[in-house]
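Per UniProt numbering, the sequence shown starts with residue 1, numbered consecutively. Positions of the beta carbon are idealized from the N, C-alpha and C atoms, including for glycine.
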Amino acid sequence: MSEHDTNAAEPTYDAAAFEAKWRGVWDSLDLFVAHDDTEKPKKYALTMFPYPSGDLHMGHAEVMALHDVISRYWWLKGHEVLNPMGWDSFGLPAENAAIKNDEHPATYTYGNIETQYESFRRYGVSFDWTRRFNTSDPEYYKWTQWLFTQFHAKGLAYRKKSPVNWCPNDQTVLANEQVVDGACERCGAEVTKRELTQWYFRTTAYAQELLDSLDDLAPTWPSKVVNAQRNWIGRSEGAHVTFDITLDSGEVEPVTVFTTRPDTLWGATFMVVAADADLAKKLVSAQQAQALEDYLVEVRKASDIDRLATDRPKTGVDLGVTATNPVTGEQVAVYASDYVLADYGTGAIMAVPAHDQRDLDFAKAMGLPVRRVVDTGEENPEETFVATTGNGTYVNSGPLDGLADKTAGIHKAIEILEADSRGTGTVNFRLRDWLLSRQRYWGAPIPIVHCPVDGEVAVPVEQLPVLLPELKGADLKPKGTSPLGGATEWVATTCPTCGGPAERDTDTMDTFVDSSWYFFRYVSPNDDTQAFDTELANAWGPVDLYVGGDEHAVLHLLYARFFTKALRDMGLVNWDEPFSAYLSQGKVLNQGRKMSKSLGNGVNLGDQLAEFGVDAVRLTLVFASPPEDNIDWADVSPAGSLRFLQRAWRLSGDVTSEPGVEVTTGDLALRKVTAKVLHDAAHLVETHRFNVMVARTMELVNAVRKAIDSGCGGADPAVREATEAVAMLLSMVAPYTAEEMWERLGHQPSVAQVAWPEVDEALLVEDSVTCVVQVKGKVKGRLEVAPDISEADLEAAALADAGVQRALEGQTVRKVIVRAPKLVNIVV
1 MSEHDTNAAE
11 PTYDAAAFEA
21 KWRGVWDSLD
31 LFVAHDDTEK
41 PKKYALTMFP
51 YPSGDLHMGH
61 AEVMALHDVI
71 SRYWWLKGHE
81 VLNPMGWDSF
91 GLPAENAAIK
101 NDEHPATYTY
111 GNIETQYESF
121 RRYGVSFDWT
131 RRFNTSDPEY
141 YKWTQWLFTQ
151 FHAKGLAYRK
161 KSPVNWCPND
171 QTVLANEQVV
181 DGACERCGAE
191 VTKRELTQWY
201 FRTTAYAQEL
211 LDSLDDLAPT
221 WPSKVVNAQR
231 NWIGRSEGAH
241 VTFDITLDSG
251 EVEPVTVFTT
261 RPDTLWGATF
271 MVVAADADLA
281 KKLVSAQQAQ
291 ALEDYLVEVR
301 KASDIDRLAT
311 DRPKTGVDLG
321 VTATNPVTGE
331 QVAVYASDYV
341 LADYGTGAIM
351 AVPAHDQRDL
361 DFAKAMGLPV
371 RRVVDTGEEN
381 PEETFVATTG
391 NGTYVNSGPL
401 DGLADKTAGI
411 HKAIEILEAD
421 SRGTGTVNFR
431 LRDWLLSRQR
441 YWGAPIPIVH
451 CPVDGEVAVP
461 VEQLPVLLPE
471 LKGADLKPKG
481 TSPLGGATEW
491 VATTCPTCGG
501 PAERDTDTMD
511 TFVDSSWYFF
521 RYVSPNDDTQ
531 AFDTELANAW
541 GPVDLYVGGD
551 EHAVLHLLYA
561 RFFTKALRDM
571 GLVNWDEPFS
581 AYLSQGKVLN
591 QGRKMSKSLG
601 NGVNLGDQLA
611 EFGVDAVRLT
621 LVFASPPEDN
631 IDWADVSPAG
641 SLRFLQRAWR
651 LSGDVTSEPG
661 VEVTTGDLAL
671 RKVTAKVLHD
681 AAHLVETHRF
691 NVMVARTMEL
701 VNAVRKAIDS
711 GCGGADPAVR
721 EATEAVAMLL
731 SMVAPYTAEE
741 MWERLGHQPS
751 VAQVAWPEVD
761 EALLVEDSVT
771 CVVQVKGKVK
781 GRLEVAPDIS
791 EADLEAAALA
801 DAGVQRALEG
811 QTVRKVIVRA
821 PKLVNIVV
């Protein structure tokens with residue numbers, strides 16, 4: 001029975017029915033499976049894979065909706081699209097839940113994965129589910145371990161003893177990037193310091209290239225993300241300067257410091273050593289040793305971020321020794337303080353208090369001398385205790401006196417140092433090596449055995465994966481050391497080199513290791529012979545567009561970039577950078593604040609989907625704002641989105657012409673609107689202005705409705721052409737509605753597989769445009785003019801308009817501002 005049969009029940013828009021119907025159809029069609037051997041041009045679309053902590057939330061809903069616009073667009077434009085999804089499934093939340101519930105972390109993890117998988121399917125995202133994997137699968141972490149062994153062989157993975165960030169709540173070390181405002185970025189606990197032997201990746205080996213490559217990424221990455229990376233890498237040019245320190249014993253210990261301003265050495269009136277550096281213990285006099293130990297107790301309570309804060313009161317301990325300033329020969333005091341970090345440069349600085357505020361604050365607190373060596377014209381910092389940091393003329397600087405050029409001063413100072421072998425010009429980076437070992441269970445075991453004969457020995461590939469032992473409940477509880485250490489049978493092993501008794505390393509890898517290479521694995525996820533197929537990686541990669549949040553602007557993106565460059569140098573891939581373009585989405589807020597149960601402003605995604613339907617929620621998130629802006633759920637209207645979708649869907653029931661007929665006739669005005677919207681929509685998607693693309697689609701829906709209601713009727717071929725364009729455009733945002741429209745229009749599924757229509761350029765030519773004429777800022781006339789009208793002709797036409805003449809009556813025209821062809825502004 002046809003829906004146009006007067007005896008048939010009137011069809012209704014039923015979001016839940018559409019979702020149930022089309023999920024099954026899509027499953028049977030395998031719509032979005034990416035084929036490696038295709039002749040079509042390839043595109044790699046990637047969104048950050050989620051951690052399986054419960055069901056999807058509004059943040060997931062936003063990023064997936066935005067990501068799906070570009071992926072579906074590429075399919076419509078004739079590309080073969082690799083759009084995979086998996087789960088970042090190792091990590092502390094699962095382990096903590098397992099401890100609480102006396103179960104294995106896998107129980108929590110894999111249960112949540114299945115919940116999220118079903119929600120993803122309901123949400124209608126165009127993922128290729130044939131490539132699905134989890135980072136906690138042995139089939140995956142076997143290759144995470146193998147990559148570690150390759151890094152170890154290349155000297156990029158190493159072990160050392162050093163002061164590290166320690167989270168007392170999670171009982172594990174943290175990389176510097178995982179400490180935010182002095183707290184653990186995962187749990188919020190205040191971070192302290194410990195001295196431990198840990199595993200590191202040598203990210204500093206690529207510091208300069210990581211910095212230089214940002215120039216290539218700047219046109220396609222958000223500037224705030226590029227700047228965050230630049231600041232974290234932190235390249236500084238300067239000099240290494242050697243100070244001779246006389247110890248208690250009378251011996252002289254040369255200590256090298258890094259400075260960006262060797263030209264200010266004549267103002268260096270003391271030295272400061274990081275209190276927690278081995279150097280401080282080496283230099284301290286016997287008389288001051290206990291004072292240093294007492295001070296260290298307090299130092300270890302502060303994070304690196306806190307220690308570097310400019311407004312923090314300065315504290316320290318006199319080490320009881322003096323150093324010789326290499327350019328003045330003066331003996332200067334040597335202090336230990338927490339405002340110098342052990343892993344920055346050499347862990348010691350020369351202090352020039354007149355021109356560095358932290359040094360000046362320290363000098364004031366300790367009663368140390370201040371000497372100005374650059375006269376900037378400002379008041380003397382010796383009197384004001386306000387450091388002067390600008391350029392000026394060198395004073396009190398021996399051979400530099402009278403110079404007024406900072407660059408020349410730095411170069412001359414370096415020449416003097418190098419001539420006396422007291423220093424050299426050099427480059428330093430803020431970037432530190434990546435501390436990757438963790439004292440927790442639910443992660444990839446580090447594939448190293450410790451042999452009393454052969455030392456550190458990498459586990460060979462034929463013995464991988466090193467599987468996690470079966471621990472649960474109380475055995476997982478953190479003890480300050482890894483729970484794996486308690487699995488004595490697992491720890492005891494044989495050395496792969498000599499065959500003698502050895503012990504496994506009991507730390508696991510930071511979960512950021514898993515996510516630093518997962519995009520490579522997607523190209524060959526079921527390959528059990530290698531981490532990934534190099535030929536396929538080079539064919540698909542690099543990722544054309546990566547979609548994710550600002551919270552990963554440093555950690556994940558920097559680590560993935562490091563991995564890519566290291567794998568390139570191993571000959572495993574020919575890319576330099578993993579992500580050609582990056583789209584950073586904002587947050588979903590409610591009532592101006594981050595959603596939180598404690599604030600009572602949480603919005604449950606499942607409830608929204610049940611009330612309004614998947615398509616209305618997706619449309620709301622895409623239409624609300626540009627992708628990078630935050631969305632306040634209190635300010636948007638999923639109900640309004642639902643009403644729009646109902647209007648669009650009704651158009652497909654009003655079309656009565658047959659499908660497949662070439663459109664050469666019909667309502668010309670509507671055909672022009674359709675052509676213009678399709679033309680603009682392509683550019684808007686490619687420039688990530690998805691919300692404007694939706695607005696243009698809404699304009700087209702209104703134009704079709706107006707054409708039908710004004711008398712051209714559903715039989716007009718232009719109405720079919722426009723309605724089919726609406727269905728295709730909506731398929732990127734509201735796939736269930738679009739599919740239902742496509743079927744009602746007489747087509748086989750799926751609308752996601754149609755080709756983006758070629759636009760007749762003739763239809764884009766405007767016959768006329770509306771020019772607004774203003775007098776004293778108020779609209780007094782509207783003219784229909786040719787798009788190419790000259791400014792002189794447009795001015796004459798505006799002044800001749802009857803309405804404009806009435807507005808000008810009795811007044812003198814002072815100026816006419818013409819912006820052809822759309823605006824004339826008359827000043828009287």
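For residue i, the nearest candidate out of the options (CA to CA)
i           : options               : result
residue 583 : 53, 35 and 64         : 64
residue 821 : 815, 770 and 601      : 770
residue 662 : 722, 205 and 806      : 722
residue 369 : 289, 348 and 270      : 270
residue 764 : 442, 674, 233 and 113 : 674
residue 179 : 586, 481 and 551      : 551
residue 802 : 788, 780, 792 and 787 : 780
residue 430 : 235, 491, 492 and 487 : 235
residue 651 : 705, 89, 746 and 680  : 705
residue 116 : 95, 488, 52 and 138   : 52
residue 263 : 195, 398, 253 and 317 : 398
Test item: CB-CB of residue i and residue j under 7 angstroms
i           : j           : result
residue 146 : residue 464 : yes
residue 512 : residue 523 : no
residue 336 : residue 360 : no
residue 425 : residue 239 : yes
residue 543 : residue 563 : no
residue 694 : residue 59  : no
residue 351 : residue 257 : no
residue 734 : residue 607 : no
residue 685 : residue 648 : no
residue 172 : residue 439 : yes
residue 506 : residue 484 : yes
Cα-Cα separation, residue i to residue j
i           : j           : result
residue 125 : residue 158 : 41 angstroms
residue 130 : residue 33  : 7 angstroms
residue 6   : residue 754 : With a pLDDT of only 42 at residue 6, under the threshold of 50, the placement of this residue in the model should not be trusted; the figure read from the coordinates follows. Rounded to the nearest angstrom, the two C-alpha atoms are 32 angstroms apart.
residue 698 : residue 692 : 10 angstroms
residue 3   : residue 740 : Only weak support exists for where residue 3 lies, its pLDDT of 43 falling under 50; the coordinates are left without a value.
residue 629 : residue 73  : 22 angstroms
residue 672 : residue 799 : 31 angstroms
residue 241 : residue 275 : 20 angstroms
residue 167 : residue 312 : 22 angstroms
residue 322 : residue 332 : 5 angstroms
residue 1   : residue 744 : Note that residue 1 scores a pLDDT of 35, beneath 50, so its modelled location is shaky and nothing firm can be said.
residue 176 : residue 407 : 32 angstroms
residue 165 : residue 560 : 22 angstroms
residue 191 : residue 296 : 15 angstroms
residue 79  : residue 677 : 21 angstroms
residue 778 : residue 809 : 15 angstroms
residue 15  : residue 577 : 42 angstroms
residue 460 : residue 153 : 11 angstroms
residue 46  : residue 653 : 36 angstroms
residue 824 : residue 773 : 5 angstroms
Residue i, buried or exposed, once every other Cβ within 10 Å from all chains shown has been counted against 16
i           : result
residue 301 : exposed
residue 384 : exposed
residue 521 : buried
residue 817 : exposed
residue 142 : buried
residue 526 : exposed
residue 19  : buried
residue 40  : exposed
Residue i Cβ short of 6 angstroms to the ligand ZN heavy atom set
i           : result
residue 445 : No copy of the ligand ZN appears in this structure; indeed no ligand is present at all.
- Which runs of the alpha helix (DSSP H) fall wholly inside the UniProt domain "Methionyl/Leucyl tRNA synthetase" (47-191) and span at least 4 residues, in chain order? Runs of the alpha helix (DSSP H) inside the UniProt domain "Methionyl/Leucyl tRNA synthetase" (47-191): 58-76, 92-101, 105-123 and 138-153.
- Query: What residue ranges within the stretch 364-414 form continuous beta strand (DSSP E) runs of no fewer than 3 residues, ordered along the chain?
  - Reply: Runs of beta strand (DSSP E) with 3 or more residues, each lying fully within the stretch 364-414, are absent.
- Message: As an exercise, report each continuous beta strand (DSSP E) stretch of at least 3 residues that is fully enclosed by the stretch 442-507, in chain order.
- Response: Within the stretch 442-507, the complete beta strand (DSSP E) segments of 3 residues or longer fall at 448-451, 455-458, 492-494 and 501-504, listed in chain order.
- Task: Could you tell me which uninterrupted alpha helix (DSSP H) segments, each at least 4 residues in length, are contained entirely in the stretch 509-558, listed from first to last along the chain?
- Result: Complete alpha helix (DSSP H) runs here, min 4: 511-514, 518-521 and 534-540.
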